[in-house]
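K.L.:
Chains as they are written, first to last, in our numbering: chain A, 1 to 102; chain B, 1001 to 1561.
Right, I'll just put the structure down here and ask away after.
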């Protein structure tokens, strides 16, 4: 599975689908690594709108992305989480580390 | 893969044939071993353990077919397959079949065609080589599996012993735990401070198994040693976070719930970072939920970390229910999550709350598999405020102490930043004569110091605590005043010396506050019934003397060792 990436006005949007867990960690990394080197990208938006499940290793992947993005001076935004995915982000208080948009 | 050199056993009674075959074998870079009949072939075979056999069929003593059968029998119980090529002038269908049925891999007609023999040898050499590689990989895999099993066993052993410490068997604590694999990445610890406050920890590390267990490991040592030294819940949370942040990679963290139950004061503190809501269910059936308000431990750098717990006081008995996400997310065979609501509903069963929840949980799973570790924890808060029992060891007649003095003077910034009592205790406990008295000294020191700080320096009135919601307001005011404290100080003096043949420790604490009317206070009888001042009553019962002086802003406690 490849994760689709759209870049528009300096915002890169990664659209994830279904289960976001350890099984997609390679695809996830492969999707964002080129964005870190892309000077036109200022913000990386992780679109969770179609995600039905996240586990703690997915949260770990987000933290790793955040650290790498910070090093390259970019922001990470978590977007569109709903249902249990939204709850998991809330329980982990990820709002303290990420910008979360509806 | 480069073709390696094989050992090939050539069996023929005709010397010319042996010579020719040997030449072909050697030209291809292999080693040739020769035998002149079947019997010699079996003997040579045992000696050199060849990789391949070229065998004539018609020979004296023992023919090639009999020798082939014998070899196959010998090799029946080994994993290795040694190809056997029969060479024969008998090339009728029946002859060829007889050879193949005896266990030969191929049948070449005689006289020997050098080109065909070369080609066949190359093919079989490749087969042998593949087989060797496969055997090597199988062995490596088996070795790795054995090592992984051994590591998991070691981890399981260490982990079980970490969680199975005696102090986790606190009578107030009931634990149900099911690991997903051999090792659980979830950890429950329970321990008491020297003053009898129960500290409980539920830690849930990222992932499962060995990596998760490894991440949770440093947590226990910090929890136990700091609790034993009387550090507060927030100091423990802060230290665990600092340690995990330093030890773990960015994508690893530990969701944790830390709880302190002070049965004497009937106060509960909860620090929840990344775990499901903690449920407080009191005797009237009223349910209060304490959600996670912090990120898990090991994520935030120290400067961003908030160690502030949620605090509540209780009057009715009841229980605190703590569970891991593995428990509430566990799915039934139909794919439905267990849910916190089911935990709360089943916990209502009088007298068997934990068992009722466990029963419902196991019925929910319906024998199906778990996909994560699951933990459930009940902490009972008893009806009557327990009287803190402090162990006081029997007095010893030891040699007169040479005596020493220790003095400390703490101003606003020290009072804000330091955990004074555990810090001082840490030092005092290094003195062998004081070590057996840890519990009593901790109570004396923390009561007197907290009075000096709260009432003397911060000007807080303990009557506030008695009002509805007063305790929370008291704490809030305390935090605000401490944070903005501009002036004020507390002096501590410790004097270990010999009085009338016995060693005593004098603890003198003086604050910069206005003091209080201690005359009336000390005339009150010693009782545990008063809502406040219980602490001082306890201190008085532990000390041989408790003397106030000045305007009541200085107190000296004498403790006989």
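Quick reminder that beta carbons are idealized off the backbone N, C-alpha and C, glycines included.
Note that the coordinates shown come from a computational prediction; the quantities given were computed from them, not determined experimentally.
Checking 8 Å against the spacing of the C-beta atoms, do residue 1571/B and residue 1253/B come in under that value?
P.N.:
Missing from the structure shown is residue 1571/B; chain B here goes from 1001 to 1561 and no further.
K.L.:
Once you ignore the five residues that flank residue 1386/B on each side, which residues in its own chain have a CB closer than 6 Å to its CB?
P.N.:
The predicted model places residue 1386/B with a pLDDT of 48, which falls under 50 and marks its position as unreliable, so this point remains unresolved.
K.L.:
Are the C-beta of residue 67/A and some C-beta of chain B separated by less than 8 Å?
P.N.:
Yes, because at least one Cβ of chain B sits closer than 8 Å to the Cβ of residue 67/A.
K.L.:
Can you find a C-beta in chain A that's less than 8 Å from the C-beta of residue 1251/B?
P.N.:
For residue 1251/B, the answer is yes, since a Cβ of chain A falls inside 8 Å of its Cβ.
K.L.:
Please give the ranges of any alpha helix (DSSP H) in the stretch 1063 to 1110 of chain B, keeping only runs that are unbroken, at least 4 residues long and fully inside the region.
P.N.:
As far as the stretch 1063 to 1110 of chain B is concerned, its whole alpha helix (DSSP H) runs of at least 4 residues are 1064 to 1075 and 1093 to 1102.
K.L.:
How far does the beta strand (DSSP E) with residue 1380/B in it reach, from first residue to last?
P.N.:
First-last of the beta strand (DSSP E) with residue 1380/B: 1374 to 1381.
K.L.:
Cβ atoms of residue 1375/B and residue 1324/B: under 8 Å apart, would you say?
P.N.:
In contact: residue 1324/B and residue 1375/B (Cβ atoms closer than 8 Å).
K.L.:
State the Cα-Cα distance for the pair residue 74/A and residue 41/A, rounded to the nearest angstrom.
P.N.:
Cα to Cα, residue 74/A sits roughly 8 Å from residue 41/A.
K.L.:
Taking 8 Å as the cut-off, does the stretch 1269 to 1287 of chain B touch the stretch 1306 to 1314 of chain B (at least 3 CB pairs, one atom from each stretch)?
P.N.:
Taking 8 Å as the limit for Cβ pairs, the verdict is that the stretch 1269 to 1287 of chain B does touch the stretch 1306 to 1314 of chain B.
K.L.:
How would you call residue 1281/B, buried or exposed, if buried means at least 16 neighbouring beta carbons within 10 angstroms?
P.N.:
Buried: at least 16 other Cβ atoms inside 10 Å.
K.L.:
I want to know whether the stretch 1139 to 1151 of chain B touches the stretch 1346 to 1356 of chain B - three or more CB-CB distances under 8 Å.
P.N.:
Taking 8 Å as the limit for Cβ pairs, the verdict is that the stretch 1346 to 1356 of chain B does not touch the stretch 1139 to 1151 of chain B.
K.L.:
Compute the distance between the beta-carbons of residue 1206/B and residue 57/A, then report whether it is under 8 Å.
P.N.:
Yes, the Cβ-Cβ distance between residue 1206/B and residue 57/A is below 8 Å.
K.L.:
Spell out whether any CB of chain A is found under 8 Å from the CB atom of residue 1207/B.
P.N.:
It does: the Cβ of residue 1207/B has a partner Cβ on chain A nearer than 8 Å.
K.L.:
Assign residue 1559/B to one of three DSSP states: helix, strand, or coil.
P.N.:
In the structure shown, residue 1559/B sits in a strand (DSSP, three-state: E or B).
K.L.:
Would you mind giving the Cβ-Cβ distance between residue 1051/B and residue 1084/B, rounded to the nearest angstrom? I have them listed as a contact below 8 Å.
P.N.:
11 Å between Cβ atoms; not a contact.
K.L.:
Return the residues of the stretch 1270 to 1286 of chain B that lie within a Cβ-Cβ distance of less than 8 Å from chain A, sorted by chain order.
P.N.:
Answer set for the stretch 1270 to 1286 of chain B: 1273, 1274, 1275 and 1276.
K.L.:
Which of the three DSSP states, helix, strand or coil, is assigned to residue 1315/B?
P.N.:
Coil, per DSSP.
K.L.:
Are the stretch 8 to 24 of chain A and the stretch 57 to 66 of chain A touching by the rule of at least three beta carbon pairs closer than 8 Å?
P.N.:
Taking 8 Å as the limit for Cβ pairs, the verdict is that the stretch 57 to 66 of chain A does touch the stretch 8 to 24 of chain A.
K.L.:
Go ahead and pull the three-state DSSP assignment for residue 1553/B.
P.N.:
Residue 1553/B: coil per DSSP, three-state reduction.
K.L.:
Mark residue 1517/B as exposed unless 16 or more other C-beta atoms lie within 10 angstroms of its C-beta, in which case mark it buried.
P.N.:
Looking at its Cβ environment, which holds fewer than 16 other Cβ atoms inside 10 Å, residue 1517/B is exposed.
K.L.:
I want to verify the contact list: residues of chain B whose CB lies under 9 Å from the CB of residue 64/A, in sequence order.
P.N.:
Neighbours of residue 64/A on chain B, chain order: 1249, 1250 and 1251.
K.L.:
Report yes if the CB atom of residue 1381/B is closer than 8 Å to the CB atom of residue 1298/B, and no otherwise.
P.N.:
No, Cβ-Cβ distance for residue 1381/B and residue 1298/B is not below 8 Å.
K.L.:
Considering only residues of the same chain and omitting the five flanking positions on each side of residue 1193/B, which have a CB-CB separation below 7 Å?
P.N.:
Taken in chain order, the residues that qualify are 1199, 1227 and 1230.
K.L.:
So residue 60/A contacts chain B; which residues on that side make the cut at Cβ distance below 9 Å?
P.N.:
Result: 1206, 1207, 1249, 1250, 1251, 1252 and 1253.
K.L.:
Going by DSSP, what residue range makes up the alpha helix (DSSP H) through residue 1423/B?
P.N.:
Here the alpha helix (DSSP H) through residue 1423/B covers 1420 to 1428.
K.L.:
Would you kindly check if the distance between the Cβ of residue 1321/B and the Cβ of residue 1343/B is under 8 Å?
P.N.:
In this structure, residue 1321/B lies closer than 8 Å to residue 1343/B by Cβ.
K.L.:
Using three-state DSSP, classify residue 1249/B as helix, strand or coil.
P.N.:
If DSSP states are grouped into helix, strand and coil, residue 1249/B belongs with coil.
K.L.:
On the DSSP letters alone, give me the boundaries of the beta strand (DSSP E) that residue 1495/B sits inside.
P.N.:
Residues 1490 to 1499.
K.L.:
Spatial neighbours of residue 84/A within its chain, please: CB distance less than 6 Å, with the 5 preceding and 5 following residues excluded, ordered by chain position.
P.N.:
Cβ within range, chain order: n/a, list empty.
K.L.:
Counting Cβ pairs closer than 8 Å, one from the stretch 1232 to 1239 of chain B and one from the stretch 1356 to 1370 of chain B, do we hit at least three?
P.N.:
No: fewer than three Cβ pairs fall under 8 Å.
K.L.:
Taking C-beta pairs closer than 7 Å, name the residues in chain A that residue 1296/B reaches, listed in chain order.
P.N.:
Chain A residues near residue 1296/B: 92.
K.L.:
Going by C-alpha to C-alpha distance, which of 1417/B, 1065/B and 1005/B sits closest to residue 1097/B?
P.N.:
Among 1417/B, 1065/B and 1005/B, the Cα nearest to that of residue 1097/B is on 1065/B.
K.L.:
By Cβ distance below 7 Å, which residues in the same chain neighbour residue 1412/B in space, the five residues on each side in sequence not counted?
P.N.:
Correct list, in chain order: 1485, 1486, 1487 and 1488.
K.L.:
Would you verify that the beta carbon of residue 97/A is, or is not, closer than 8 Å to some beta carbon of chain B?
P.N.:
Taking Cβ atoms only, chain B reaches closer than 8 Å to residue 97/A, which makes this a yes.
K.L.:
Which residues of chain A have a Cβ atom closer than 9 Å to the Cβ of residue 1544/B, listed in chain order?
P.N.:
Under the 9 Å cutoff, chain A gives no residues; its nearest Cβ is about 50 Å from residue 1544/B.
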